[in-house]
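**Q**
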Amino acid sequence: MSTLAGKELILGVTGSIAAYKAVLLVRELTRAGARVTVCLTEHAERFVTALTFRTLSGRAVLTDLFDPQSDEAVEHVALGERAAALIVAPATANLIAKAAHGIADDFLTTVLLAARGPVLIAPAMDGGMWDHAAVQANVATLRQRGVAVLEPDTGPLASGLSGKGRLPEVDVILESLHSLLTPVRDLAGERVLVTAGPTREPIDPVRYITNRSSGKMGYRLAAAAQRRGATVTLVSGPTAIAPPPGVVVVPVESAEEMREAVLQHLRGTTIVIKAAAVADYRAKTPAATKIKGKRDLTLELTPNPDILAEVAAQRTGAFVVGFAAETDDVAKNAQAKLEAKGIELLVANDVSRAGIGFDADDNEVLLIDRWGGAEPLPRMSKGEVADAILSRVLALRKRAAQPVTR
Ligand code: PMT
């Protein structure tokens, strides 16, 4: 059962173009069994209607502190006190400033002062605004006070510019909410090394070979392991995802850089999880200057080192988990990969299917282990898949440690 089942939550929505994504968030929260009261600021109502949220949450939407028709309006203190958590997504620079300074001039900011449970703020604004010293000072004030303020994502912004300011993905907000509400620390004392994202293999100074990995699967694994108490290092190829709070991120580009970083951080690691989509090949001799166009070009490729197999061969005592990106004969190919790489657990996904695998928010995986176990998991969010993998690792390790009784 989801940790959100039956939880009373307040979701504050402020006036940002990203307000439409709050609709998806309400859908996911209610799907997980949470009871969500949505609170819209006056400016949020210009982007999304209260009706949409009322329909999805099945509850009255709070907008006006002085609405004489609304019982909740006079109950803002009780509402704040009863909520298991208060989430603001998207949160504008204006809301963040008001929250940092204790200003309570509308329903949402008043409930923020009344809230007794954890508060999670997911910012969305233009990149220049996020970087402004005033915004950064307000964010620091809130964090010092124990408010969880997520880092915005990087990418195209509503202004037409590109930068850091996008609302973090719904899955990331959910993951952070879980970590605020779930005090499970079953990975305390573990040192987890996760790889994520694609690698880039240069052809010349301006071009490279890569693949469709977004890094979502690996980042969810790192965040879930950190939430469950592990010390986590995330070796990441290039992605647009904000680093999970509390995780040490080691950015790399090529497979060779990834290999070096993984081997460097292997000592003392108890669990290695290789979710990265490492390019199997690289250009044998990348050109030193830009290759000119308008002629046929033959690229000579050479295989990259198999990092996973190398890690397993080192027999450091770490529990090694690999992934298999397959497009056909998933179970058969995955079994062969498990044996060829000499690892403990393999997570196989069919990357030819829409809605799962590369760059999707969900995944559907088959877990096969060296002790002969095979467990297909239904389609679920990558955050949930991450938790299921980590639980499986703990269960398998415990079982492997027990003496065999005949
Ligand atoms: O990043 P997302 O968009 O969220 O997508 C998730 C994912 C599809 C990338 C992920 O679920 C996944 O399947 N990751 C493994 C991708 C892959 O490279 O699979 P593979 O079957 O080619 O490799 C098998 C394993 O060996 C992987 O653990 C891989 O990290 C590792 N490997 C592969 C090649 C190589 N040279 N070195 C390696 O360590």
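Numbered by the working numbering, the letters in the sequence shown go through residues 2 to 407 in order.
Beta carbons are placed, not taken as given, at the ideal position from N, Cα and C, and that holds for glycine.
Tell me whether M218 counts as near the ligand PMT, meaning its Cβ is closer than 6 Å to at least one heavy atom of that ligand.
**A** Within the cutoff, so yes.
**Q** Is it the case that the stretch 340-347 contacts the stretch 297-314, given that we only count it when at least three CB pairs across the two stretches are under 8 Å?
**A** Verdict: yes, contact present.
**Q** Please determine if the stretch 169-180 and the stretch 133-148 are in contact, where contact requires at least 3 C-beta pairs separated by less than 8 Å.
**A** Touching, no, given that fewer than three Cβ pairs across the two stretches are closer than 8 Å.
**Q** How do the stretch 49-57 and the stretch 90-105 stand: do at least 3 beta-carbon pairs fall below 8 Å, yes or no?
**A** They do not touch, by the three-pair rule.
**Q** Here's a check: name, in chain order, each residue in its chain whose Cβ is nearer than 6 Å to the Cβ of G81, leaving out the five neighbours to either side.
**A** V112, A115 and A116, listed in sequence order.
**Q** Cβ atoms of S215 and D360: under 7 Å apart, would you say?
**A** Going by C-beta atoms, D360 is nearer than 7 Å to S215.
**Q** Once DSSP output is grouped into helix, strand and coil, what is the label at A23?
**A** Residue state, collapsed to three classes: helix.
**Q** The beta strand (DSSP E) spanning E376 covers which residue range?
**A** From DSSP, the beta strand (DSSP E) with E376 extends over A375 to P377.
**Q** Measure the beta-carbon distance from R229 to V185 and round it to whole angstroms, keeping in mind my assumption that it falls under 8 Å.
**A** Right, the Cβ-Cβ distance comes to about 6 Å (below 8 Å), so this counts as a contact.
**Q** Using the beta-carbon count (16 or more within 10 Å), is A20 buried or exposed?
**A** Buried.
**Q** Where G323 and A79 are concerned, what is the direct C-alpha to C-alpha distance, given to the nearest angstrom?
**A** The alpha-carbon atoms of G323 and A79 are separated by roughly 48 Å.
**Q** With burial defined as no fewer than 16 other Cβ atoms inside 10 Å of the residue's Cβ, what is the status of V1: buried or exposed?
**A** The question about residue 1 has no answer here: the residues shown for the chain are numbered 2 through 407.
**Q** Quick check on R208 - is its C-beta less than 7 Å from some C-beta in chain B?
**A** Annotation note: the requested chain B is absent from the structure, which comprises a single protein chain.
**Q** From what residue to what residue does the beta strand (DSSP E) around A326 run?
**A** From DSSP, the beta strand (DSSP E) with A326 extends over F320 to E327.
**Q** Between the Cα of R260 and those of G247, V249, V279 and P245, spot the shortest distance and give me the residue it belongs to.
**A** When only C-alpha atoms are compared, the closest one is V279.
**Q** Hey, is the stretch 175-190 in contact with the stretch 375-395, meaning 3+ C-beta pairs nearer than 8 Å?
**A** Contact between the stretch 175-190 and the stretch 375-395 is present, because at least three Cβ pairs lie under 8 Å.
**Q** Quick check: the stretch 287-301 against the stretch 240-257, are at least 3 beta-carbon pairs closer than 8 Å?
**A** These segments do not touch.
**Q** Cβ of N350 versus every heavy atom of the ligand PMT: is any distance shorter than 6 Å?
**A** Answer for N350: yes, Cβ within range of the ligand PMT.
**Q** Can you list, in chain order, the stretches of the beta strand (DSSP E) that have 3 or more residues and sit fully within the stretch 179-227?
**A** Runs of the beta strand (DSSP E) inside the stretch 179-227: 192-197, 202-205 and 208-210.
**Q** Rounded to whole angstroms, what is the Cα-Cα separation between T196 and G356?
**A** Their Cα atoms are separated by approximately 22 Å.
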